[in-house]
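Structure first, then comments.
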Amino acid sequence: MTPAHMRSDSNSRKTVVNRRSFLTAAGVAGATGLAGCVGGDGNGNGNGNGNGGTTGGNGDDDEITVYTNIPFEDIANAYEEAAGVSVNYNILGGPQPVTRYVAEADQEQYGVDVICNNSGVTWQLHDNDIPGELNVDEDTIESVFSLEGMRDAWEDALGDDVGRRTPPAQLLINGTHYNTDLVSDPPVEYTDFLNEQFENNITTQPYIQDVVLQAMEHYHGTETAEQWLIDYDAQGIDYLAGGGTLIESLLGEENMLAPYTNGFYASEPINNGAPIDVVFPRETYYATQTLTKPVNAPNPEGADDFIEWLLSREGQEVIQTLNGGSLPAHEDLDYGNDQVQQRLDERMEAYPDTPLYPSIQDPDEFWEYANRTEELIDVEIL
Amino acid sequence: MSVKTKTFEAANSYRPQILGGLVILCLSIVTIFPLLATFALSVYADGTSLISGFSLANWEQVLAENRAVLGTTVVYAFGAATLTTTLGVFLAWAIARTNIPLRRTYYYVVFGMLFLPPVVWEAVWIRLLSTNGFYQILLPFDFHIYSLPGMILVQGIFMLPLTLIVLMPMYKNIDNSLEEASRINGGGVLQTTWSVTLPLMKPGILAAFLLVLVLSLGSLRVPLLIGQPGNIYVLPTVIYQDAINAPIQFGSAFVNATLLILFAFPVFYLYKRVLGQTSRYETVGGEAFKQTPIELERRYRYGLSGVIGFTLLAIVITPVLVMVHGSLSPYLIPFHRVFTLEAPLALDQYRALVTDSSLHEAALNSLIAAGSATILTVGGAITISWIIYKSDLAFREAIDYISFLPIALTAVSLSLGFIAIFLGIFPIGIYGTLWIIILAYLTRSLPTTIRVVAPSVQQLQNELFEAGVISGASKLTRLRTILVPLIITTIHAIGAWRFAILYKEFPISILLEPSDFPLLAPYIFELGVQANFPRISAIGVAITVFLAIVTVLIHRIPASGGKL
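Going down the list, the sequences are from chains A and B. Counting from 1, one number per residue, gives the positions in the first sequence under this note's numbering. Counting from 383, one number per residue, gives the positions in the second sequence under this note's numbering.
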């Protein structure tokens with residue numbers, strides 16, 4: 001099976017209607033008439049953009065192509081308005097922005113200028129020297145490593161140039177969501193999950209447990225972390241895959257708590273008045289949504305310009321509004337959802353000496369923790 | 383006689399072989415090539431590389447690790463096929479063979495299920511059977527939706543319209559003088575049905591069972607949306623995960639795709655054989671053929687109608703109501719709060735649909751892709767049926783088998799085969815474009831479309847076309863003025879059915895979706911992953927209404943010219 005949490009959660013799928021894609025479609029549809037035989041002549045993609053590839057990439061200065069797994073319509077529209085450059089983007093589920101790029105690059109088909117994917121998946125690109133170095137202002141790069149310890153942790157694991165090759169555009173903080181109709185006293189430390197009231201009332205993604213072990217080990221040491229994981233599993237966890245599935249489980253009152261869930265999935269229901277709230281316990285970890293310019297991007301200058309803009313305050317303010325509110329990586333910007341930001345502030349005030357843990361998910365560490373987790377609890381991580 | 387003329391005559395004398403060979407070549411590119419590529423790459427692909435050195439390591443690894451998946455796949459497919467066939471046989475018999483009230487309404491209710499989009503259907507059943515779901519409350523036992531029985535239930539019910547479409551014509555074509563003879567000899571309705579009707583229908587029932595079996599073997603929706611959250615994997619989900627997850631494992635993906643084809647192939651072969659038997663049984667009545675319904679007594683008539691009405695209420699109408707209610711809700715609401723919740727129902731989600739340009743683009747793209755593929759599929763099915771039953775081309779039996787082959791390929795394996803061919807082996811520029819989607823849709827749709835179109839073409843009398851030749855009409859004119867009007871009803875039916883299926887097609891769309899041409903089913907899938915139940919419910923309602931309107935419009939397309 002596949003490395004588990006590297007699959008990460010899929011996010012929303014939004015794409016901009018652009019004239020080119022419509023004309024491509026209309027042109028191809030109009031030309032179709034081969035009645036069951038293979039169509040196309042090698043140029044059948046109809047892009048007319050001169051890259052010769054088939055992946056929707058381009059070589060035009062006024063267009064870039066992005067593979068992503070987060071909502072991108074607002075970002076593309078804002079950039080087009082700001083820079084006059086059209087952003088063709090394909091929102092793919094989970095790790096597909098990286099895996100699809102890798103599969104196509106293996107066949108020497110290069111059509112992607114920017115990959116926007118979770119750090120847990122993106123780190124694998126470093127092993128293959130795929131991220132190109134960005135030609136982006138140093139101050140801009142500095143401004144997006146906003147939480148304490150994050151940059152040091154990244155650089156220790158992936159090298160000094162990690163910020164210039166895969167800078168974060170968004171922070172993904174996994175909080176504990178709960179149904180406010182069912183829980184009046186939410187957990188503030190991980191040991192609180194072991195309370196009797198939560199027995200058989202917790203739902204968790206199975207393949208996130210290795211990162212949990214990693215974070216718990218960071219906070220409490222190996223022995224405590226391993227014992228805690230065993231005790232936690234003994235609570236009768238309802239292991240379900242998919243962050244959205246967990247939030248649905250809370251809304252349907254099938255479970256009370258959904259620890260380690262990205263707030264991304266709950267922002268919109270919260271805004272709509274759903275009985276969902278989030279708490280960030282003492283032992284909270286986070287990952288990032290990174291931006292990568294592949295070394296063989298067909299429009300490298302366009303990629304640099306776009307990434308620089310998205311990391312700037314203007315671009316980060318768009319990130320802030322995504323999906324009912326999300327957390328940009330810019331040091332001066334808060335969570336785009338007031339309620340969630342308030343919970344984050346409460347956690348920081350309660351534990352001022354315990355910074356959030358920036359989980360490193362590079363492949364080597366992943367395998368080590370995944371194997372250990374599978375040995376400790378009977379949960380399939382891999 | 384000149385050399386040129388001699389050459390022309392020689393070529394003309396081999397025309398049936400040449401044209402037949404060309405047809406086989408065209409069909410092979412989208413059927414046999416993906417099959418062979420899948421087999422070959424199972425021993426040549428390694429990790430991300432589609433073509434590496436020869437190795438059996440992929441097979442050794444998969445066979446060592448995935449045995450449980452193979453077993454689960456078989457149980458899932460057999461379970462779904464058994465459930466669907468059982469339900470379908472009962473419903474088709476009651477609707478087609480008896481005089482129960484509302485039978486036409488019941489047929490339309492089941493047929494309407496074809497319009498329900500992917501993801502929404504699964505999400506609705508998850509709501510109904512989750513811990514606090516309406517059905518869970520009614521059931522005297524715990525039923526976990528994220529389980530193998532849950533997968534079988536949802537897949538089995540979803541395949542019901544297809545089973546009915548296969549079985550209804552067969553039931554209707556039974557000569558009921560045989561049933562009358564049984565009744566005259568003292569047999570009751572049940573005894574007659576058991577001893578006369580069902581044996582006559584046996585090949586048809588088997589065909590429906592095998593068709594659902596082979597389609598369920600390759601289905602991805604239910605395994606992905608209901609199986610995967612519960613950590614239950616079948617071959618299509620493993621193939622999907624191997625092909626998209628990090629790190630990509632093309633080797634094991636192609637091994638699993640090969641295994642899926644090997645499972646499906648015997649089913650395909652049996653299905654093809656059984657289809658031959660069904661056509662024999664259809665003509666059993668000869669000239670004394672009678673098609674009148676079984677006259678049930680009043681109490682049985684209404685009793686049976688009530689049972690069917692209740693069944694459809696449970697498996698179709700209630701899920702649709704849940705979808706409609708969900709589309710009006712501000713967020714997902716558990717059943718026991720539906721009537722006490724203070725938050726009012728509203729049209730917010732529908733308003734959001736109006737301004738969602740991503741949805742509009744995906745819907746338009748799917749319209750273009752499905753519309754093009756539908757036209758090509760129906761045209762291709764008529765052409766191939768014509769070639770098989772009415773032309774003098776050589777290799778007609780081979781053409782018949784090859785055009786049916788995609789059924790055995792299954793949608794997931796076919797998509798993987800297309801990736802292998804058009805990304806790795808023959809990168810002719812269609813990977814990542816609309817072309818590959820249309821081609822895959824076409825390939826996938828041809829077999830079942832031919833199955834519906836062929837009998838209509840087969841029964842046309844050659845004299846009609848000979849008259850056209852005598853009157854000097856060109857081939858195109860004969861096609862337009864003789865063939866199309868004669869089979870226009872079939873074209874309407876198959877066109878509407880095919881478009882409804884392709885517009886919301888899932889496995890091919892999600893695996894082959896072009897970068898700059900987003901499609902509807904993957905869009906809904908991503909919304910589903912986000913747990914946006916109100917939004918996908920609203921989209922579900924909109925698509926259902928849209929497809930119903932399109933179906934009506936297609937049925938109003940005149941045979942040639944004229945107004946709608």
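Heads up, the beta-carbon is just placed ideally off N, CA and C, and yes, glycines get one too.
Return the residue from the list the options that minimises the CA-CA distance to residue i.
{"i": "Y489 of chain B", "options": "B:L535, B:V502 and B:L542", "result": "B:L542"}
{"i": "K554 of chain B", "options": "B:R565, B:P531 and B:L582", "result": "B:L582"}
{"i": "T245 of chain A", "options": "B:A505, B:R479, B:F888 and B:V698", "result": "B:A505"}
{"i": "I812 of chain B", "options": "B:L544, B:L894, B:A734 and B:S529", "result": "B:L894"}
{"i": "G478 of chain B", "options": "B:K654, B:G515, B:L546 and B:P701", "result": "Note that residue 478 of chain B is Ala in the sequence shown, not Gly. Out of B:K654, B:G515, B:L546 and B:P701, B:L546 has the C-alpha closest to the C-alpha of A478 of chain B."}
{"i": "Q731 of chain B", "options": "B:L714, B:P483 and B:R719", "result": "B:L714"}
{"i": "F280 of chain A", "options": "A:R343, A:D238, A:A370 and A:L257", "result": "A:R343"}
{"i": "P398 of chain B", "options": "B:I757, B:Q843, B:R683 and B:D774", "result": "B:D774"}
{"i": "G149 of chain A", "options": "A:S249, A:E331 and A:I377", "result": "A:E331"}
{"i": "R655 of chain B", "options": "B:L606, B:L592 and B:L599", "result": "B:L592"}
{"i": "D898 of chain B", "options": "A:E317, A:N90, A:Y190 and A:A274", "result": "A:N90"}
{"i": "A790 of chain B", "options": "B:F777, B:K772, B:A422 and B:T825", "result": "B:T825"}
{"i": "L572 of chain B", "options": "B:E779, B:P712, B:V704 and B:E679", "result": "B:E679"}
{"i": "Y110 of chain A", "options": "A:T65, A:E349, A:E73 and A:P206", "result": "A:T65"}
{"i": "P97 of chain A", "options": "A:A258, A:E108 and A:L125", "result": "A:L125"}
{"i": "E189 of chain A", "options": "A:F366, A:P206, A:Y232 and A:G324", "result": "A:Y232"}
Please report the Cβ distance between residue i and residue j, rounded to the nearest whole angstrom; I am assuming they are in contact, meaning their Cβ atoms lie under 8 Å.
{"i": "I892 of chain B", "j": "A875 of chain B", "result": "Actually they are not in contact, since the Cβ atoms of I892 of chain B and A875 of chain B sit about 28 Å apart, beyond 8 Å."}
{"i": "T176 of chain A", "j": "V278 of chain A", "result": "7 Å"}
{"i": "G799 of chain B", "j": "T455 of chain B", "result": "Wrong, their Cβ atoms sit about 18 Å apart, outside the cutoff."}
{"i": "T204 of chain A", "j": "Y239 of chain A", "result": "6 Å"}
{"i": "V451 of chain B", "j": "S437 of chain B", "result": "Wrong, their Cβ atoms sit about 21 Å apart, outside the cutoff."}
{"i": "V839 of chain B", "j": "I870 of chain B", "result": "The pair is not a contact, with the Cβ atoms about 12 Å apart (cut-off 8 Å)."}
{"i": "V794 of chain B", "j": "L602 of chain B", "result": "6 Å"}
{"i": "N179 of chain A", "j": "M256 of chain A", "result": "6 Å"}
{"i": "T99 of chain A", "j": "A628 of chain B", "result": "5 Å"}
Short check: CB of residue i to CB of residue j, under 8 Å?
{"i": "P896 of chain B", "j": "I819 of chain B", "result": "yes"}
{"i": "T947 of chain B", "j": "I890 of chain B", "result": "Within the shown structure, residues of chain B are numbered from 383 to 946, placing residue 947 of chain B beyond reach of any answer."}
{"i": "L403 of chain A", "j": "K293 of chain A", "result": "A query on residue 403 of chain A cannot be resolved here, the shown segment of chain A reaching from 1 to 382 and no further."}
{"i": "I202 of chain A", "j": "L376 of chain A", "result": "no"}
{"i": "F306 of chain A", "j": "Y79 of chain A", "result": "yes"}
{"i": "I247 of chain A", "j": "Y265 of chain A", "result": "yes"}
{"i": "V340 of chain A", "j": "S267 of chain A", "result": "yes"}
{"i": "F717 of chain B", "j": "N514 of chain B", "result": "yes"}
{"i": "R683 of chain B", "j": "N481 of chain B", "result": "yes"}
{"i": "L432 of chain B", "j": "L805 of chain B", "result": "yes"}
{"i": "G850 of chain B", "j": "R860 of chain B", "result": "yes"}
{"i": "D62 of chain A", "j": "V87 of chain A", "result": "no"}
Once the 5 residues before and after residue i are set aside, which same chain residues still bring their CB inside 6 Å of it?
{"i": "D782 of chain B", "result": "I770"}
{"i": "A625 of chain B", "result": "A635"}
{"i": "T953 of chain B", "result": "Nothing can be reported for residue 953 of chain B, as the shown portion of chain B is limited to 383 through 946."}
{"i": "G667 of chain B", "result": "Confidence at G667 of chain B is low in this model, with a pLDDT of 41, below 50, so its placement is unreliable and the value that follows should be read with caution. Here the set comprises D557."}
{"i": "A752 of chain B", "result": "F881, L884 and Y885"}
{"i": "A878 of chain B", "result": "T933 and I936"}
{"i": "D210 of chain A", "result": "Y369, A370, T373 and I381"}
{"i": "I621 of chain B", "result": "A635, N638, A639 and V794"}
{"i": "I508 of chain B", "result": "I527"}
Looking only at its own chain, which residues have a Cβ that is under 8 Å from the Cβ of residue i, when we skip the five neighbours before and after it?
{"i": "P499 of chain B", "result": "K886, L902, A903, I906, I921, G922, I925 and T926"}
{"i": "E301 of chain A", "result": "D61 and N135"}
Quick one: what's got a C-beta closer than 7 Å to residue i's C-beta in the same chain, skipping five residues either side?
{"i": "L595 of chain B", "result": "A459, F460, A463 and V649"}
{"i": "S827 of chain B", "result": "A755, T759, R880 and L884"}
{"i": "G609 of chain B", "result": "M533, Y615, V616 and T619"}
{"i": "G612 of chain B", "result": "Y528 and S529"}
{"i": "D192 of chain A", "result": "none"}
{"i": "G33 of chain A", "result": "In this predicted model, G33 of chain A has a pLDDT of only 22, less than 50, meaning its place in the structure is not dependable; the value taken from the coordinates is given anyway. If we look at G33 of chain A and ignore the five residues flanking it on each side, it has no Cβ neighbours."}
{"i": "Q841 of chain B", "result": "none"}
Taking contact to mean at least 3 C-beta pairs separated by less than 8 Å, is the stretch 584 to 597 of chain B in contact with the stretch 538 to 552 of chain B?
yes
Counting beta carbon pairs with one atom in the stretch 291 to 311 of chain A and one in the stretch 202 to 218 of chain A, are three or more of them shorter than 8 Å?
no
Are the stretch 112 to 121 of chain A and the stretch 285 to 294 of chain A touching, with three or more C-beta to C-beta distances below 8 Å?
yes
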